[in-house]
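Numbering (the working numbering), first residue to last: 1113 to 1747. By construction, the Cβ of each residue, glycine as well, lies at the ideal position given by its N, Cα and C atoms. Remember, predicted model here, so these are calculated numbers, not experimental data.
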Amino acid sequence: SVSATKNNIKIIGNSTPWYAQGYFVYDSKKAGGLTVSHLRVSEKPIRSAYLIAQADFVGCHQLQFIDKYQMAERLKPGGIFLLNTPYSADEVWSRLPQEVQAVLNQKKARFYVVNAAKIARECGLGARINTVMQMAFFHLTHILPGDSALVELQGAIAKSYSSKGQDLVERNWQALALAQESLAEVPLQAVNPHSVHRPPVVSDAAPDFVKTVTAAMLAGLGDALPVSALPPDGTWPMGTTRWEKRNIAEEIPVWKEELCTQCNHCVAACPHSAIRAKVVSPQAMENAPASLHSLDVKSRDMRGQKYVLQVAPEDCTGCNLCVEVCPAKDRQNPQIKAINMMSRLEHVEEEKVNYDFFLDLPEIDRNKLERIDIRTSQLITPLFEYSGACSGCGETPYIKLLTQLYGDRMLIANATGCSSIYGGNLPSTPYTTDANGRGPAWANSLFEDNAEFGLGFRLSVDQHRARVMRLLAQFADRIPAELNDALHAEATTDVRREQVAALRQHLKSVAGAEELLKDADALVEKSIWLIGGDGWAYDIGFGGLDHVLSLTENVNILVLDTQCYSNTGGQASKATPLGAVTKFGEHGKRKARKDLGVSMMMYGHVYVAQISLGAQLNQTVKAIQEAEAWPGPSL
1113 SVSATKNNIK IIGNSTPWYA QGYFVYDSKK AGGLTVSHLR VSEKPIRSAY LIAQADFVGC
1173 HQLQFIDKYQ MAERLKPGGI FLLNTPYSAD EVWSRLPQEV QAVLNQKKAR FYVVNAAKIA
1233 RECGLGARIN TVMQMAFFHL THILPGDSAL VELQGAIAKS YSSKGQDLVE RNWQALALAQ
1293 ESLAEVPLQA VNPHSVHRPP VVSDAAPDFV KTVTAAMLAG LGDALPVSAL PPDGTWPMGT
1353 TRWEKRNIAE EIPVWKEELC TQCNHCVAAC PHSAIRAKVV SPQAMENAPA SLHSLDVKSR
1413 DMRGQKYVLQ VAPEDCTGCN LCVEVCPAKD RQNPQIKAIN MMSRLEHVEE EKVNYDFFLD
1473 LPEIDRNKLE RIDIRTSQLI TPLFEYSGAC SGCGETPYIK LLTQLYGDRM LIANATGCSS
1533 IYGGNLPSTP YTTDANGRGP AWANSLFEDN AEFGLGFRLS VDQHRARVMR LLAQFADRIP
1593 AELNDALHAE ATTDVRREQV AALRQHLKSV AGAEELLKDA DALVEKSIWL IGGDGWAYDI
1653 GFGGLDHVLS LTENVNILVL DTQCYSNTGG QASKATPLGA VTKFGEHGKR KARKDLGVSM
1713 MMYGHVYVAQ ISLGAQLNQT VKAIQEAEAW PGPSL
């Protein structure tokens, strides 16, 4: 909507004697987020330095915003309200929440609908509805006389898209024509008592802080919160994306279990942790909803168990990656796979019930897994979920996988970039905790010093552990010899936690051991990960990265290499290959790509691996495990 409104401003400014002003309010979601475009038009210069509170025209481009935000409330009496919706003019009124119906009546609004998504699909524009909504705006407001709006928009489209081919230009022109034909006015009616009420912003099951502070911010009412409502020390609760329920997908994946091979490729590929798999006992499924299906587990080491696959219908972004990676096809109709995209509106209520039941099913005990590969790793609950990353994001599956393997003991230093925006977003945070309250500890410093920042994590953890080991030595004569010896020997994470629990139990009766009792968790090895994009690792933070890898400290570095600066729109980086075109580098890269892996291999003590989930799933899992196991720096 921002690009559409900016084009509208240019057209008004260039084609009329009027002045135009635009101001845009964004959230930091990469896809499906809220953008509010404030457009003013006047015969005199505009000096208004404040947001529009009462508008002559309000356009709602996403149907789900009606449930979440005060849209019609911002309309002037007698103003125009335009809604993009799949429902026709005859049926849309009963689909509106009663509160919205009441406001439209109170404002005596002129109410119009258009199915912009359908027009965009018919014209081959995918999910791009901006052309349709631009035409609808000009057609309803009559800012430009007669057919001049159509002529101006056709010219703007030719200018914007001609470099991408005449076919794209003509498809957008077709969308303009269909937009005019498809607009329909909806007569105002009495409030329908059978219509739904506007749902609460977050579930009643959410914690109090989420229901008061987070919910207000999600609804766009954060400015009304008193300072006293905010955390005084700047810390925010984790795992709050689970309460957001963005509902931005038009289609969601639905499982066709009879074709499923239980490979879990769809779970691994999902960028938003919106598809989950579990293996549970048959008894756990006894009270399952009839629509929640399960299969007998095919794996030999889990015989007698049930395999369950389920989508989070309100958190899915509809990217279609799960369908793309699914290897199982119907032999009679290869277009049908074990997972297929279906209308969200038709399936969401049923799938919500299924997902709520699924979440309460018991988690798998990772200690009972004979091996960790792509299939078994995806049975472990991720501690990174429902982020605000782009629909179909290629970065987040790697972070999700890290949290499945090491999330309960991870410390993450995150460079500024895409991963810091979707990872440290307010008011909702995707990093979460397990049933024991353990999860990743995450921090973001700057773009240019993340490697040094992460090295500091390692040094501080080592110092902390060394201090606890000294305290342990001081109390050696008051700790059972067998337990003391075990704490000095190597052990798995879960065994070490059991030893620490036993130590704490014993120390409760030991005078003067308060510090050791408080800090005994330092005996559990932490997994240190430095995460950032190629703009950080190849360019701006390369000096620090090189320095950290030249040392022998045990840190792991994950470079999310998109071959350009993704967060700032698509500028070329040193990771961009020769000849590659980026959004802001349309003439192509004139120099070869820097080979970061080969250059770091020259040190001789650095573990280096290149991974791609899209190319080789199990090699990715193996490389991450090897990097974590390597006692020095890993890239």
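Can you check DSSP and say which residues form a bridge with residue i?
{"i": "F1169", "result": "I1192"}
{"i": "V1204", "result": "None, per the DSSP bridge assignment."}
{"i": "S1746", "result": "N1668 and Y1719"}
{"i": "T1429", "result": "Per DSSP, none; premise fails for T1429."}
{"i": "F1496", "result": "Y1543"}
{"i": "R1388", "result": "Q1422"}
{"i": "Q1683", "result": "Y1677"}
{"i": "N1556", "result": "N1526"}
{"i": "Q1395", "result": "None; Q1395 has no bridge partner."}
{"i": "R1134", "result": "Residue identity differs from the one stated: residue 1134 is Gly in this sequence, not Arg. Partner(s): L1151."}
{"i": "L1187", "result": "A1167"}
Quick check on residue i: does DSSP put it in helix, strand or coil?
{"i": "K1141", "result": "coil"}
{"i": "G1121", "result": "A small fix is needed here, since residue 1121 is Ile in this sequence, not Gly. DSSP places I1121 in helix when its eight states are reduced to three."}
{"i": "Y1224", "result": "strand"}
{"i": "S1406", "result": "coil"}
{"i": "K1701", "result": "coil"}
{"i": "T1732", "result": "helix"}
{"i": "H1150", "result": "strand"}
{"i": "L1421", "result": "strand"}
{"i": "G1655", "result": "helix"}
{"i": "G1624", "result": "coil"}
{"i": "T1253", "result": "helix"}
{"i": "Y1199", "result": "coil"}
{"i": "T1694", "result": "strand"}
{"i": "I1591", "result": "coil"}
{"i": "I1158", "result": "coil"}
{"i": "Q1063", "result": "The structure shown does not extend to residue 1063, since the chain is modelled only from 1113 to 1747, so the question has no answer here."}
{"i": "L1237", "result": "coil"}
{"i": "L1642", "result": "strand"}
{"i": "S1411", "result": "coil"}
{"i": "M1247", "result": "helix"}
{"i": "K1706", "result": "coil"}
{"i": "A1229", "result": "helix"}
{"i": "N1376", "result": "coil"}
{"i": "Y1273", "result": "helix"}
Would you mind giving the Cβ-Cβ distance between residue i and residue j, rounded to the nearest angstrom? I have them listed as a contact below 8 angstroms.
{"i": "I1511", "j": "I1643", "result": "7 angstroms"}
{"i": "W1130", "j": "V1114", "result": "That pair is no contact at about 21 angstroms."}
{"i": "M1454", "j": "E1363", "result": "6 angstroms"}
{"i": "A1764", "j": "E1475", "result": "A question about residue 1764 goes unanswered here, because the residues of the chain that appear run from 1113 up to 1747."}
{"i": "N1466", "j": "K1368", "result": "Their Cβ separation, rounded to whole angstroms, is 14 angstroms, which puts N1466 and K1368 out of contact at 8 angstroms."}
{"i": "A1381", "j": "L1433", "result": "5 angstroms"}
{"i": "Q1246", "j": "A1116", "result": "5 angstroms"}
{"i": "T1674", "j": "G1506", "result": "7 angstroms"}
{"i": "E1497", "j": "S1385", "result": "4 angstroms"}
{"i": "G1653", "j": "A1585", "result": "Contact doesn't hold; Cβ gap of about 39 angstroms is too wide."}
{"i": "C1438", "j": "L1407", "result": "Their Cβ separation, rounded to whole angstroms, is 15 angstroms, which puts C1438 and L1407 out of contact at 8 angstroms."}
{"i": "A1291", "j": "V1244", "result": "4 angstroms"}
Note down, in chain order, each residue of its chain lying with its Cβ closer than 7 angstroms to the Cβ of residue i, except the 5 sequence neighbours on either side.
{"i": "E1185", "result": "V1215"}
{"i": "Q1301", "result": "W1205"}
{"i": "F1587", "result": "V1622, A1625 and L1628"}
{"i": "E1602", "result": "none"}
{"i": "G1504", "result": "P1383, C1431 and L1433"}
{"i": "T1694", "result": "C1676, G1682, Q1683, A1684 and T1688"}
{"i": "E1740", "result": "Y1518, S1639 and N1668"}
Who are the Cβ neighbours of residue i in its own chain at under 8 angstroms, not counting the five residues just before and after it?
{"i": "M1414", "result": "V1391"}
{"i": "V1580", "result": "L1628, D1631, A1632, A1634 and L1635"}
{"i": "Q1176", "result": "R1358, N1359 and I1360"}
{"i": "P1157", "result": "Y1131"}
{"i": "T1352", "result": "V1322, T1326, P1539, S1540 and T1541"}
{"i": "D1259", "result": "none"}
{"i": "A1598", "result": "Q1611"}
By Cβ distance below 6 angstroms, which residues in the same chain neighbour residue i in space, the five residues on each side in sequence not counted?
{"i": "V1379", "result": "I1387, A1389 and Q1490"}
{"i": "C1235", "result": "R1283, Q1286 and A1287"}
{"i": "D1139", "result": "G1145 and L1146"}
{"i": "Q1210", "result": "V1303, S1307 and H1309"}
{"i": "D1651", "result": "S1685 and K1686"}
{"i": "Y1677", "result": "G1647, Q1683 and S1685"}
**Prompt:** Of all the beta strand (DSSP E) runs that stay within the bounds of the region 1290 to 1369, which reach a length of 3 or more residues?
**Reply:** 1296 to 1298 and 1363 to 1367
**Request:** Would you list, in sequence order, the uninterrupted beta strand (DSSP E) runs of no fewer than 3 residues that lie entirely inside the region 1501 to 1550?
**Result:** Complete beta strand (DSSP E) runs here, min 3: 1522 to 1526.
**Request:** With a floor of 3 residues, list each beta strand (DSSP E) that falls wholly inside the region 1427 to 1488, ordered by position along the chain.
**Result:** 1451 to 1455
**Prompt:** What residue ranges within the region 1559 to 1613 form continuous alpha helix (DSSP H) runs of no fewer than 4 residues, ordered along the chain?
**Reply:** 1562 to 1586 and 1593 to 1600
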